[in-house]
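Enquirer:
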Amino acid sequence: MSGYFFVFDGMDGAGKSTALNGVAASLRRMGHSVVTTREPGGSPLAEQIRECMLGDWSDGVPPQTELLLVFAARAAHMQHTVLPALARGEIVLCDRFIDSSHVYQGVLGGITASWIDQLGTQTIARLPEASFIFDLPVEQASQRLQQRGIENRFDRIDLERMQTIRDAFAQRAQAPSHHLIDASREQSAVHADVLERIEGLLA
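The opening residue of the sequence shown carries number 1 in full-length UniProt numbering; numbering runs sequentially from there.
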């Protein structure tokens, strides 16, 4: 029995992680077996790569190095966490996936989409049933980031940069099996929206 794979993605401060945890709790109450995970990370090796990647290196991290670290972690994550859970018939909810690679290493880092897709072909053995892209105005996302505090070097509060990220994710949301989620609403409304979409795909 094959499970279901859903991705929660979008700009920092959009509330995707909060929504993921809320949706996971609802699905479990409905009797589903759910695995929550994240990228980069999600398996012991991938988490070690994450720590390396998010470090504040004095000489910087070239986009090419960053991309290869992301995909090294993704390959481990797929093999050790995602695929085994799907083989058990579980629902996998993942915080970030390849859309983030296209935005952060692609649009911001200047790496071509074709190279990212080639790496994806080699490392992603199962595409998600759906990817939910959480979207909201950058001013609102900035306020949320200020309230929670900066967690890593990717959380820089720069409105121009954040707008570039928002626009890039909105472009990614036009792809098949992608859903653009209005994350400016109350958490309960966002949660209910995503849960309804997932229930429709499980039916």
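C-beta: ideal position from N, C-alpha, C; glycine also.
Using the Cα positions of A192 and G42, report the straight-line distance between them to the nearest angstrom.
Expert: 25 angstroms
Enquirer: Any idea what DSSP makes of I165, helix, strand or coil?
Expert: helix
Enquirer: Please say whether I165 and M11 have beta carbons closer to each other than 7 angstroms?
Expert: yes
Enquirer: What residue range does the beta strand (DSSP E) around F6 cover?
Expert: 4 to 10
Enquirer: Please check the pair D56 and F169, which I expect to be a contact at CB under 8 angstroms, by giving their CB distance rounded to whole angstroms.
Expert: With 8 angstroms as the limit, D56 and F169 do not qualify as a contact, their Cβ atoms being about 25 angstroms apart.
Enquirer: Determine the burial state of D9: buried for a count of at least 16 other Cβ atoms within 10 Å of its Cβ, exposed for fewer.
Expert: buried
Enquirer: Is DSSP giving S131 helix, strand or coil here?
Expert: strand
Enquirer: Taking just the CA atoms, how far does S188 sit from A14?
Expert: So the alpha carbons of these two residues sit roughly 14 angstroms apart.
Enquirer: Excluding the five sequence neighbours on either side, which residues of its own chain have a C-beta within less than 7 angstroms of the C-beta of A113, listed in chain order?
Expert: Take A113, set aside five residues on each side of it, and the residues of its chain with a beta-carbon closer than 7 angstroms to its own are H102, G106, in chain order.
Enquirer: Could you pull out every residue in the same chain whose Cβ sits closer than 8 angstroms to the Cβ of A141, ignoring the five residues on either side in sequence?
Expert: M11, D12, G13, A14, M162, R166
Enquirer: Which value, in whole angstroms, describes the spacing of the CA atoms of V61 and R88?
Expert: 37 angstroms
Enquirer: If distances are taken between C-alpha atoms only, which option among L201, S131, Q174 comes closest to L20?
Expert: S131
Enquirer: Which ranges would you report for the alpha helix (DSSP H) in the region 78 to 114 if only whole runs of at least 4 residues count?
Expert: If we require 4 residues or more, the alpha helix (DSSP H) runs fully inside the region 78 to 114 come out as 83 to 87.
Enquirer: What did DSSP end up calling I49 once you bin it into helix, strand or coil?
Expert: helix
Enquirer: Quick one: what's got a C-beta closer than 7 angstroms to K16's C-beta in the same chain, skipping five residues either side?
Expert: Within the same chain, K16 has close Cβ partners F8, D9, G10, D95, F134.
Enquirer: If you count every other CB in all the chains shown that lies within 10 Å of the CB of G3, and 16 or more means buried, which is it?
Expert: buried
Enquirer: Please return the same chain residues whose Cβ sits closer than 7 angstroms to the Cβ of V34, not counting the five positions on each side in sequence.
Expert: A24, L27, R28, E90, I91, L93
Enquirer: Going by alpha carbons, who is nearest to T123 out of Q64, Q79, T65?
Expert: Q79
Enquirer: Skipping 5 residues on each side, what residues in its chain have a beta carbon closer than 7 angstroms to that of P63?
Expert: Q105, G109, G110, I111
Enquirer: Hey, quick one: how far does the beta strand (DSSP E) through R185 stretch, first residue to last?
Expert: Premise fails: R185 is in no beta strand (DSSP E) and is neither H nor E.
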